[in-house]
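Participant: My structure is below; once you've seen it, I'll send some questions.
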Amino acid sequence: MITINTVAFAGFICVCIALCFDTVCRWISIELRNQNRKKIICIDFDGVLHDNTHTAWKNARIISGDAIMDSISWLHRLIYSLPKDYEIAIFSSRNAAFGGIRAMKKWLFMYGLSEDDIARISFPIYKPPAHVVIDDRALQFSGFYPEVKNIISFKPWNKRGKE
Ligand SMILES: [Mg+2]
213 MITINTVAFA GFICVCIALC FDTVCRWISI ELRNQNRKKI ICIDFDGVLH DNTHTAWKNA
273 RIISGDAIMD SISWLHRLIY SLPKDYEIAI FSSRNAAFGG IRAMKKWLFM YGLSEDDIAR
333 ISFPIYKPPA HVVIDDRALQ FSGFYPEVKN IISFKPWNKR GKE
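The sequence shown begins at 213 in the numbering used here and counts up one residue at a time.
Okay, structure coming up:
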């Protein structure tokens, strides 16, 4: 006789198998990517391309701010002026959230990048091994560890001088 416990256990096993399969697929895709790896320019989205100063975060699928001045023309120039062994990755906390990548691609298209331009950008769901990272919420480590007070009082460029 099939009880609720049996069904729950079978469901649990199915979820575990699905998670294992997902993990293995991700490992394989990361390994395949690493084989012919280009140097990655890893660019953050919010606060670097998207102006998030005047809009509160709602969720990964909602992007209600404008483009930061020159961000799209800069990105477009970067896409076509980098040497062939470089690639651009937009890496944001939105990447791993449901609908986040689609929302960013739609937003980039709305602000002037073509589908071809967008196809030249990758949107990894894990932090890629980058040649350089361009992020508004980072302290560059230059051999000296930042003090706790400097970490706590950190503000991104567009929030400095504001409370
Ligand atoms: Mg940011």
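The C-beta atom is built at its ideal place from N, Cα and C for all residues, glycine as well.
1. Going by C-alpha distance, which of Ser354, Ser305 and Ala272 is nearest Ala315?
2. Return yes when the C-beta of Val345 is under 7 Å from any heavy atom of ligand 1, and no when it is not.
3. What are the start and end residues of the beta strand (DSSP E) that includes Ala342?
4. Give a single yes or no on whether Gly259 has its beta carbon closer than 7 Å to a heavy atom of ligand 1.
5. With three or more beta-carbon pairs closer than 8 Å as the criterion, would you say the segment 281–299 touches the segment 325–336?
6. Which of the three DSSP states is assigned to Ser354 in this structure?
7. Quick check on Phe233: buried or exposed, where buried means 16 or more other Cβ atoms within 10 Å of its Cβ?
8. What alpha helix (DSSP H) runs, 4 residues minimum, are completely inside the segment 299–344?
9. According to DSSP, Ile253 sits in a beta bridge with which residue or residues?
10. First and last residue of the alpha helix (DSSP H) that includes Ser293?
11. Going straight from the alpha carbon of Ile280 to that of Ile302, what length do you get?
12. Within 10 Å of its beta-carbon, does Asn307 have 16 or more other beta-carbons around it, so buried, or fewer, so exposed?
13. Quick check on the burial criterion: 16 or more other C-beta atoms within 10 angstroms. Buried or exposed for Asn217?
14. Ligand 1 and Asp377: does the residue's C-beta get closer than 7 Å to at least one heavy atom of that ligand?
15. Give me the residue from Ser283, Phe335, Ile274 and Asp256 with the minimum Cα distance to Ala350.
Facilitator: Working from what's here:
1. Ala272
2. no
3. Ala342 to Ile346
4. yes
5. yes
6. coil
7. exposed
8. 312–322 and 327–331
9. Ile300 and Val344
10. Ser283 to Ser293
11. 15 Å
12. buried
13. exposed
14. Examination of residue 377 is not possible in this model, given that the chain is present from 213 through 375 alone.
15. Asp256
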